[in-house]
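Chains as they are written, first to last, in the working numbering: chain A, 15 to 344; chain B, 323 to 612. Note that the Cβ used here is the ideal one computed from N, Cα and C, for glycine as well. As structure tokens, the structure follows; a few thoughts come after it.
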């Protein structure tokens, strides 16, 4: 029955997504954004020609598009080289084994330079780890604090002080602390990754924390009365009444947090020199070739697009998981 | 209705709330003995502490004086043997009708019923309130009357010793209300449950109750009069319209509310307040002008 209910919910969800579909509506829904983007590209082209920097004039949309193509080609090139490198080793190993079947052979990984695509994947990995860590801290903490008025009064000033702190301020502290505490021989993950992940967590946990506290606080007195009449135990009360009640608010917080996490990540990578899109931008800036500006703009656009996709993704997740679909708009 | 040992007893219950510079006495010296299977209505003007009385019996509030005994044991905390039907249904909006009732059933009969028995019991109670067709509907997919039915099913499913209802039909339209009143009478006859119901509606009180407890105006509200309603059961609302006894009961409640306990309005009425006062006043729906 549980399964059937889930299936119905998913089909309902699909129907809702499709509801109100009409040709005219579709044309309008597509044409206005397209017009907007075209107008933006036109303005960009006209403005870019008039700005001259030490690296030449700002690239227009066409130049940036060309650089995007270059970056993709670079990536394919690197992949090909990596494949060749591995293949070469395999052949050599086969030769060695043919001569001496007892020989110990190993394949060394290819250590070429990280391409733009690699940097994107690294950044996504870091942002998700940081966001996950922040959520794992913020949601349980928010529930505990939200349930207890005295605790809330005690914790609130601390939250209010740390909430507006910029990632740039956290970074030196986090860097020093991580260097001092993360001293494993042959670490699985690099220190730079830990530094940027922790910085992302520190900056992005506040919206989730604040919204979870608010959501837990806002559980209606009627539902709390029902819980009391039923004599629900503490954990049942939290699990069956408080948490579902707060879910819409928690999701609002999570969406804000993910947005902040992504913004903070770029800054953190830039400063911490940990691999990722931020480092890519910084390296291109330092590189200062005639292509750099175009490449940085590709990065800017990709950062924006990924941010948008992350936000939409959270919204979809909220619509699927939260009972209160009315709160899951925009 | 004087039993040697009452099922439920409120003795000299008083309730005071601390306010700036003293105590506000909401209730003073409320005494009531309720027999098993009795249907009691609490009626009175807004702010007379009806809800406070109900909350004290429910255990959601502690009386500051006196106390409440159920089967000889003092009520100190809320519990499923005193199930409450709240005015605004209070269903979990993320659970289906079935799951809402199941939450209660699992909690109360965790040890005494098997999974299958609990399932049957949930469905039985939803069918009792004619909601067997909407087991998988969530509250936002149900009408106001249907939600209230599920709320009643949830309360009944706890097999309470006393069923407490806080204006259960107050937010419903007249037709739905009449329908639910009939359902409630039917269920109460079948289960012989003890019911305490708060109402604003004089007709509802007379139709459903064995006794009507009329409360005086606050502050320091108390029980003003208690009226026996000696009408035969089952009662039929259409037939009762011409029944002399029914009309005598109605008359006596109306005269208590509007002559003896007329609500004092200290401020001259502004037009903006008209809506609020109308809602607050107990209404004698139907043939009040006839």
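Worksheet item: DSSP beta-bridge partners for residue 405 of chain B?
Response: Numbered from its first residue, the second chain carries residue 405 of chain B at position 83. Paired residues: B:485.
Discussion item. At a CB distance below 7 angstroms, what residues from the region 236-252 of chain A approach chain B? Give them in sequence order.
Written reply: 236, 237, 239, 240, 242, 243, 244, 245 and 246
Worksheet item: What does DSSP give as the partner residues of residue 340 of chain B in its beta bridges?
Response: Taking the first residue of the second chain as 1, we reach residue 340 of chain B at position 18. For residue 340 of chain B, which the question treats as bridged, DSSP gives the partners B:345.
Practice prompt. Find the nearest neighbour of residue 536 of chain B within the set B:362, B:358 and B:328, judged by alpha-carbon distance.
Written response: The residue labelled residue 536 of chain B in the question sits at position 214 within the second chain. The candidate whose alpha carbon is nearest that of residue 536 of chain B is B:362.
Discussion item. Buried or exposed, going by whether 16 or more other CB atoms sit within 10 Å of the CB of residue 581 of chain B?
Written reply: Position 259 of the second chain holds residue 581 of chain B. By the neighbour-count rule (16 or more Cβ atoms within 10 Å), residue 581 of chain B is not buried but exposed.
Item to complete: Consider the Cβ of residue 337 of chain A: report whether some Cβ of chain B lies at a distance smaller than 8 angstroms.
Response: Locating residue 337 of chain A in the first chain gives position 323, where the first residue counts as 1. Taking Cβ atoms only, chain B reaches closer than 8 angstroms to residue 337 of chain A, which makes this a yes.
Worksheet item: If we cut at 8 angstroms on Cβ distances, does residue 255 of chain A have a partner in chain B?
Response: Along the first chain, one-based indexing puts residue 255 of chain A at 241. True, the Cβ-Cβ gap to chain B drops below 8 angstroms.
Item to complete: Using the Cα positions of residue 214 of chain A and residue 317 of chain A, report the straight-line distance between them to the nearest angstrom.
Response: Position 200 of the first chain, counting from 1, holds the residue named residue 214 of chain A. Position 303 of the first chain, counting from 1, holds the residue named residue 317 of chain A. If I take the Cα positions, the gap works out to 16 angstroms.
Worksheet item: At a Cβ threshold of 8 angstroms, is residue 443 of chain B touching chain A?
Response: Translated into the one-based positions of the second chain, residue 443 of chain B becomes position 121. Taking Cβ atoms only, chain A never reaches closer than 8 angstroms to residue 443 of chain B, which makes this a no.
Worksheet item: If we ignore side chains and look at the alpha-carbon of each, how far apart do residue 55 of chain A and residue 147 of chain A end up?
Response: Looking up residue 55 of chain A in the first chain gives position 41. Looking up residue 147 of chain A in the first chain gives position 133. Distance between the alpha carbons of residue 55 of chain A and residue 147 of chain A: 38 angstroms.
Discussion item. Quick check on DSSP: helix, strand or coil for residue 335 of chain B?
Written reply: Position 13 of the second chain holds residue 335 of chain B. Note: residue 335 of chain B maps to strand in three-state DSSP.
Practice prompt. Determine which residues share a DSSP beta bridge with residue 549 of chain B and list them.
Written response: As a first step, residue 549 of chain B is located in the second chain; it is residue number 227 there, counting from the start. Partner(s): B:534.
Worksheet item: Closest Cβ-Cβ distance between residue 340 of chain B and chain A: below 8 angstroms?
Response: The count along the second chain starts at 1 and reaches residue 340 of chain B at position 18. No, residue 340 of chain B lies away from the interface with chain A (no Cβ there is under 8 angstroms from its Cβ).
Worksheet item: Considering residue 295 of chain B, what are the terminal residues of the alpha helix (DSSP H) in which it resides?
Response: The question about residue 295 of chain B has no answer, for chain B in this structure spans 323 to 612.
Worksheet item: Where does residue 314 of chain B sit, in a helix, a strand or coil, going by DSSP?
Response: No answer is possible for residue 314 of chain B: it lies beyond the span of chain B, which begins at 323 and ends at 612.
Item to complete: State the DSSP-derived secondary structure class of residue 142 of chain A, mapped to helix, strand or coil.
Response: Sequence index remark: in the first chain, residue 142 of chain A carries index 128 (1-based). DSSP places residue 142 of chain A in helix when its eight states are reduced to three.
Worksheet item: Is there a Cβ from chain B that is less than 8 angstroms from the Cβ of residue 73 of chain A?
Response: Residue mapping note: residue 73 of chain A aligns to position 59 of the first chain, counting from 1. False, the Cβ-Cβ gap to chain B never drops below 8 angstroms.
Worksheet item: In three-state terms, what does DSSP make of residue 377 of chain B?
Response: Your numbering for residue 377 of chain B matches position 55 in the second chain. In the structure shown, residue 377 of chain B sits in a helix (DSSP, three-state: H, G or I).
Item to complete: Could you have a look at residue 603 of chain B and say whether DSSP puts it in helix, strand or coil?
Response: If you number the second chain from 1, residue 603 of chain B lands on position 281. At residue 603 of chain B the pLDDT is 49, less than 50, meaning the model places this residue with poor confidence and gives no usable figure here.
Worksheet entry | At least three beta-carbon pairs within less than 8 angstroms, the region 490-499 of chain B to the region 530-547 of chain B | no
Worksheet entry | Closer than 8 angstroms to chain B by CB, residue 258 of chain A | As a working note, residue 258 of chain A is residue 244 in the first chain. Yes - at least one Cβ of chain B is within 8 angstroms of the one on residue 258 of chain A.
Discussion item. With a threshold of 8 angstroms between beta carbons, is residue 392 of chain B in contact with chain A?
Written reply: Position 70 of the second chain, counting from 1, holds the residue named residue 392 of chain B. No, because no Cβ of chain A sits closer than 8 angstroms to the Cβ of residue 392 of chain B.
Worksheet item: Pick from B:492, B:356, B:419 and B:385: whose alpha carbon is nearest that of residue 394 of chain B?
Response: Here residue 394 of chain B is taken as the residue at index 72 of the second chain, counted from 1. Selected option, being the one with the closest Cα: B:356.
Item to complete: Leaving aside the five residues before and after residue 342 of chain B along the sequence, list all residues of the same chain whose C-beta is less than 8 angstroms from its C-beta, in chain order.
Response: Numbered from its first residue, the second chain carries residue 342 of chain B at position 20. The answer is none, since no qualifying residue turns up.
Worksheet item: Can you tell me the Cα-Cα spacing of residue 373 of chain B and residue 520 of chain B, whole angstroms?
Response: Working through the second chain from its first residue, we reach residue 373 of chain B at position 51. Working through the second chain from its first residue, we reach residue 520 of chain B at position 198. Between residue 373 of chain B and residue 520 of chain B, the C-alpha separation is close to 7 angstroms.
Item to complete: Check the DSSP bridge columns for residue 543 of chain B and list the partner residues they point to.
Response: Within the second chain, numbered from 1, the residue matching residue 543 of chain B stands at position 221. Its beta-bridge partners are B:349.
Discussion item. If the cut-off is 8 angstroms on Cβ atoms, which residues from the region 420-448 of chain B count as contacting chain A, listed in chain order?
Written reply: 425, 426, 429 and 430
Practice prompt. Just mark residue 568 of chain B as buried or exposed, buried being the case when its beta carbon has 16 or more other beta carbons within 10 Å.
Written response: On the second chain, residue 568 of chain B is found 246 positions in, with the first residue counted as 1. Counting Cβ neighbours within 10 Å, residue 568 of chain B comes out buried, since at least 16 surround it.
Item to complete: Could you tell me the boundaries of the beta strand (DSSP E) in which residue 361 of chain B lies?
Response: Working through the second chain from its first residue, we reach residue 361 of chain B at position 39. That run of the beta strand (DSSP E) goes 361-365.
Item to complete: For residue 401 of chain B, return the contacting residues in chain A, with the cut-off set at a CB-CB distance below 8 angstroms.
Response: In the second chain, counting from the first residue as 1, residue 401 of chain B sits at position 79. Going along chain A in sequence order, the residues near residue 401 of chain B (Cβ under 8 angstroms) are 243 and 245.
Worksheet item: Using a Cβ-Cβ cut-off of 7 angstroms (strictly less than) and excluding sequence neighbours within five positions of residue 602 of chain B, which residues of its own chain qualify?
Response: Start at 1 with the first residue of the second chain, and residue 602 of chain B comes out as number 280. With a pLDDT of 47 at residue 602 of chain B, under the threshold of 50, the modelled position of that residue is not reliable, and the figure given next carries that caveat. For residue 602 of chain B, where only same-chain residues beyond five positions count, the Cβ hits under 7 angstroms are 368.
Fill in: Any 3 or more C-beta pairs closer than 8 angstroms across the region 215-233 of chain A and the region 152-164 of chain A
yes
Worksheet item: Near residue 491 of chain B, what residues of its chain come up, given a Cβ to Cβ distance below 6 angstroms and the 5 sequence neighbours on each side ignored?
Response: Counting from 1 along the second chain, the entry for residue 491 of chain B is found at position 169. Within the same chain, residue 491 of chain B has close Cβ partners 499 and 502.
Fill in: Buried or exposed (CB count within 10 angstroms, at least 16 for buried), residue 461 of chain B
In the second chain, the residue the question calls residue 461 of chain B occupies position 139. So residue 461 of chain B counts as buried.
Worksheet item: If we count Cβ pairs, one from each stretch, closer than 8 angstroms, do we get three or more for the region 287-294 of chain A versus the region 309-326 of chain A?
Response: yes
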